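Going by this note's numbering, the first residue of the sequence shown is number 2, and it counts up by one from there. We treat Cβ as the ideally placed atom computed from N, Cα and C, and that holds for glycine. All of these numbers come straight from a predicted model, not from anything done at the bench.
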Amino acid sequence: MNRRYNPCSLVMTIAIAVSLMLAGCSSDKGSTPPFDVNAKLNEAWNSFGTGNYDGALATFSDVLSHSASNAEALMGRGWCKAFKKDYTAAIDDFNSSIGQTSTADAKMGLAAVYRDLPDFQASITNASAVIAADSQYVFAKMTSIDFKDAHLIKAQCYFRLGKSSFPSAHTEVNYLCTLLGFSQLPAANSLPAADYEKQLGQKLDDLSVAIK
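What follows is the structure, given as structure tokens:
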């Protein structure tokens with residue numbers, strides 16, 4: 002049987018093929034862009050810098066859902082949890098961050114969290130590690146936190162450990178007094194014990210106000 006040539010059929014076939022090609026191109030253009038870890042980290046730190054710890058925590062967690070061992074995201078989330086007083090979870094994140102790459106920022110966070118938990122010896126250990134790593138340490142993501150805080154944390158913890166640790170607290174206090182232009186704490190043997198303890202406590206209060 003003879004089949005007649007049908008130009009309409011050919012045109013329709015070409016049109017369908019072109020439509021499918023265009024649909025494919027359109028689909029490609031609408032595909033989800035790859036996850037940008039660095040952009041998300043910047044977004045998280047911007048939230049952190051404005052005090053939006055919930056928002057920062059969520060964004061750090063988003064990064065970790067794509068890159069579970071990202072040390073910066075773990076450290077940042079640890080700081081968010083610390084400010085939210087979720088101390089146990091903060092410790093876990095800080096330690097995980099240090100497990101990936103040792104960082105003074107995570108150790109500074111641990112020093113603050115252990116002081117408030119409290120675990121004074123662990124706090125002193127981490128604050129000392131910060132100072133040993135960088136005697137002029139500054140937390141780049143929140144520059145109000147620096148080496149002075151590490152020394153203050155040590156002084157506070159030594160004071161809270163009791164009289165046997167007062168000499169170590171005294172050393173830290175007078176270091177900070179010299180740095181900030183405060184009068185020195187008198188020697189322990191120059192005052193009655195009760196007066197010395199009171200003055201040491203008052204110096205710590207004054208330094209805590211000055212170092213914010």
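Looking at the unbroken alpha helix (DSSP H) that takes in Ala-156, where does it start and where does it end?
-> Judged by DSSP secondary structure, Ala-156 falls within the alpha helix (DSSP H) whose first and last residues are 148 to 162.
Cβ of Ser-124 within 8 Å of Cβ of Tyr-115?
-> Cβ atoms of Ser-124 and Tyr-115: closer than 8 Å.
Would you please verify whether the beta carbon of Pro-34 is less than 8 Å from any beta carbon of chain C?
-> No chain C is present in this structure, which holds just one protein chain.
Identify the residues that DSSP records as bridge partners of Ser-139: which are they?
-> What sits at residue 139 in the sequence shown is Val, not Ser. Val-139 is bridged to Asp-147.
Are the beta-carbon atoms belonging to Ile-92 and Leu-111 less than 8 Å from one another?
-> Cβ distance < 8 Å, so Ile-92 and Leu-111 count as in contact.
Would you identify the three-state DSSP class for Pro-168, choosing helix, strand or coil?
-> Helix, per DSSP.
Is the region 197 to 207 in contact with the region 142 to 149, if contact means three or more CB pairs nearer than 8 Å?
-> No, the region 197 to 207 does not touch the region 142 to 149.
Are the CB atoms of Gly-79 and Ser-98 nearer to each other than 8 Å?
-> The answer is yes: Cβ separation under 8 Å.
Using a threshold of 8 Å, state whether the C-beta atoms of Leu-153 and Leu-208 are closer than that.
-> It is a contact, given that the beta carbons lie within the stated cut-off.
C-alpha gap between Val-131 and Asp-37, whole angstroms = Answer to the nearest angstrom: the Cα atoms are 31 Å apart.
Closest to Pro-35 by CA distance: which of Lys-85, Val-64 and Gly-52 is it?
-> Of Lys-85, Val-64 and Gly-52, the residue nearest in Cα terms is Val-64.
Hey, quick one: how far does the alpha helix (DSSP H) through Ser-129 stretch, first residue to last?
-> That run of the alpha helix (DSSP H) goes 121 to 134.
Sequence-distant residues of the same chain with beta carbon closer than 6 Å to Ala-107, five excluded per side = If we look at Ala-107 and ignore the five residues flanking it on each side, its Cβ neighbours are Met-76, Phe-95, Ser-98 and Ile-99.
Nearest-angstrom Cα distance between Ala-113 and Lys-164?
-> If I take the Cα positions, the gap works out to 22 Å.
Phe-148 and Tyr-159 look like a contact to me (Cβ under 8 Å); what is the Cβ gap, rounded to whole Å?
-> Contact doesn't hold; Cβ gap of about 17 Å is too wide.
Helix, strand or coil: how does DSSP classify Leu-208 here?
-> In this structure, DSSP gives Leu-208 a helical state, which the three-state scheme calls helix.
By how many angstroms is the C-alpha of Lys-82 removed from the C-alpha of His-171?
-> CA-CA distance, His-171 to Lys-82, rounds to 31 Å.
Buried or exposed (CB count within 10 angstroms, at least 16 for buried), Ala-133 = Classification for Ala-133: exposed.
State the DSSP-derived secondary structure class of Phe-36, mapped to helix, strand or coil.
-> DSSP places Phe-36 in coil when its eight states are reduced to three.
With burial defined as no fewer than 16 other Cβ atoms inside 10 Å of the residue's Cβ, what is the status of Leu-181: buried or exposed?
-> Around the beta carbon of Leu-181, fewer than 16 other beta carbons lie within 10 angstroms, which makes this residue exposed.
Could you pull the start and end residues of the alpha helix (DSSP H) that Lys-82 belongs to?
-> Counting along the chain, the unbroken alpha helix (DSSP H) around Lys-82 starts and ends at 72 to 84.
Determine the DSSP secondary structure at Phe-60, reduced to helix, strand or coil.
-> The sequence given here has Thr at residue 60, not Phe. For Thr-60, the secondary structure class from DSSP, reduced to helix, strand or coil, is helix.
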